[in-house]
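Positions -16 to -1, 1 to 201 (mature numbering (1 follows the signal peptide of the UniProt record, and there is no 0)) are the ones given, in order, by the sequence shown.
Every residue, glycine too, gets a C-beta built ideally from N, C-alpha and C.
Here the structure is laid out as structure tokens; the discussion comes afterwards.
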Amino acid sequence: MRFLSALLALALPAFAQPVFVQPVLAQDVAGRFDYYLLSLSWSPSWCDAQGRAQRSEQCEPARKLGFTVHGLWPQYENGWPEDCTTRARDPSRRESRDMADIMGTSGLAWYQWKKHGRCSGLSAQDYFALTRQATQAVAIPEILTRVGRDVTLPAKVIEDAFLEANPDMTRDGITVTCRDRALQEVRICLTRDLQPRACAPDAARDCRGTMLLPAPE
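If you want it as structure tokens, here you go:
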């Protein structure tokens, strides 16, 4: 019986053999996305959580950084692209270093280009310029630039402050996130030409209740 089974297997034509094909995964394509999300990180919270342990220059007391740019992220209406392939050259060390004034460190600028900037379809120089332009277009509420001691506030107060300082924004176009009950980020959704717009549902992650705002040191 075993011999007969083996003989029949050899006699089957090639096209009768089962063929297993691995599914082709969709590839994120540089330049194909729907809108941007500008993420502003509250630097004192990050430094308290891990930055000082890493001895990051972002946490040097003399800098007294408040909000810094975490990144300008291309977004889909559902999800987001990352780690795209691009023909654009990577930024030079100088170009990355020149972003440290708004991003805290040159290392973060490089990482954000690698993970998100390559998906913009722009050159590194133009992506960094657009990141700076988006940042300058957002007014930081004055009260949050004068935090001199640790304070606890409702998340809604922070959101309201940004809406008051930026009348063109709407409540569904901004989200406030927290981690371990401390302010983490304020995220603002923008069109591809940097106009305020509503965030897609998956980008709306509002923190609830109160949160700590540690003061810049």
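Can you tell me where the alpha helix (DSSP H) holding Trp97 begins and where it ends?
90 to 99
Based on the DSSP secondary-structure assignment, which residues constitute the bridge partners of Trp64?
In the DSSP output, where bridge partners are listed per residue, Trp64 has none listed.
Which residue's Cα is closest to the Cα of Glu61: Arg176, Trp30, Gln34, Glu148?
Arg176
Count the other CB atoms within 10 Å of the CB of Glu169; is the residue buried (16 or more) or exposed (fewer)?
buried
What does the alpha-carbon distance come out to for the pair Asp82 and Trp94?
11 Å
The ligand MG heavy atom lying under 6 Å from the CB of Pro151
Ligands in the displayed structure: none, and consequently the ligand MG is not present.
Here's a check: name, in chain order, each residue in its chain whose Cβ is nearer than 8 Å to the Cβ of Asp164, leaving out the five neighbours to either side.
Ala33
Residue nearest to Arg73 in terms of C-alpha spacing, selected from Cys173, Ala46, Trp64, Arg102
Arg102
Simplified DSSP state of Phe112, which is helix, strand or coil
helix
Look at the alpha carbon of Leu114 and the alpha carbon of Val135, and state the distance between them as a whole number of angstroms.
33 Å
Could you tell me the alpha carbon to alpha carbon distance between Thr194 and Leu137, rounded to whole angstroms?
5 Å
When the distance is taken between beta carbons, is Pro198 closer than 7 Å to Pro58?
no
7 Å is my cut-off, CB to CB: does Met87 come that close to chain D?
The question asks about chain D, but that chain is absent: this structure has only one protein chain.
Going by DSSP, what residue range makes up the alpha helix (DSSP H) through Ile86?
84 to 87
Per DSSP, what are the beta-bridge partners of Leu197 in this structure?
Val135
Taking all protein chains shown into account, decide if Thr129 is buried (16 or more other Cβ within 10 angstroms of its Cβ) or exposed.
exposed
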